[in-house]
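Asker: Residues in the sequence shown are numbered from 45 upward in steps of one, following our numbering. Can you read through this structure? Questions will come right after.
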Amino acid sequence: MRAMRLLGTHWRIAAMNELQYRANFFVQLLHSGLSLVTGLIAIWLVFQYTPSLGGWSQPELLIVMGIHIIVGAVLRSFIEPNMRRLMDDVELGTFDYVMTKPVDPQILASIRELRVWHLVDFVLGGLVLGYGMIQLSTTTSALDVVAFGATLLAGVLMVYC
């Protein structure tokens, strides 16, 4: 419970730090939108000339694109900034301050940074994934959704560890 309170505090502070630069936030939103549109246009152009690409249909590639965007958003929001800060702290010798805190150093080193604007990519990836699932027109059970979520979470955890 203590770790969850600490997580909430660090993420609230990180969000306030990121959101104080509104112009940067809107530029990042524009960047996310342009990246999404570029990817969608590329897939659309390919499928204007062929019904499948290496055995993959357009909805299947949209699903893969959505998963790619979601995993990238998680990496860029949570994992990458914390690992970069960890490397900087070790290089500068300031990681000792983290080690002396009364909290597990791995937890503290893993939650100190949050890049809020990349959470927009998480939402956009979910929308692309959902749209691809709708276009695929196959029935998906609740168990399939839970299994997919667990597998996606396991994949992200493997990248973290």
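C-beta atoms are modelled at their ideal positions from N, C-alpha and C, and glycine is treated no differently.
Going by the beta-carbon positions, is the gap between F69 and V160 smaller than 9 Å?
Answerer: It is a contact, given that the beta carbons lie within the stated cut-off.
Asker: Do D133 and V147 have their beta-carbon atoms positioned less than 9 Å apart in this structure?
Answerer: Not a contact, by the Cβ cut-off of 9 Å.
Asker: Determine the DSSP secondary structure at L106, reduced to helix, strand or coil.
Answerer: Here L106 sits in helix by DSSP.
Asker: Check this for me: beta carbons of G169 and V115, under 9 Å apart or not?
Answerer: Taking 9 Å as the Cβ cut-off, G169 and V115 qualify as a contacting pair.
Asker: Measuring only the C-alpha atoms, how far is L78 from L173?
Answerer: Cα-Cα distance, rounded: 17 Å.
Asker: Can Q72 and H162 be called in contact, C-beta distance under 9 Å?
Answerer: In this structure, H162 lies closer than 9 Å to Q72 by Cβ.
Asker: Are L218 and I123 closer than 9 Å when you measure CB to CB?
Answerer: Residue 218 is absent from the structure shown; the chain starts at 45 and stops at 205.
Asker: Take D267 and list the residues in its own chain whose beta-carbon comes closer than 8 Å to its own, dropping the five residues that flank it on each side.
Answerer: The question about residue 267 has no answer here: the residues shown for the chain are numbered 45 through 205.
Asker: Among Q102, T82, S154, whose alpha-carbon lies nearest the alpha-carbon of L180?
Answerer: The candidate whose alpha carbon is nearest that of L180 is Q102.
Asker: Look at the alpha carbon of L196 and the alpha carbon of Y93, and state the distance between them as a whole number of angstroms.
Answerer: C-alpha separation (whole angstroms): 32 Å.
Asker: Reducing DSSP to helix, strand and coil, say where S158 ends up.
Answerer: With the sequence shown as reference, residue 158 is identified as Leu, and Ser is not the correct amino acid for it. Residue state, collapsed to three classes: coil.
Asker: How long is the line joining the alpha carbons of S29 and G83, rounded to whole angstroms?
Answerer: Residue 29 is absent from the model: the chain starts at 45 and stops at 205.
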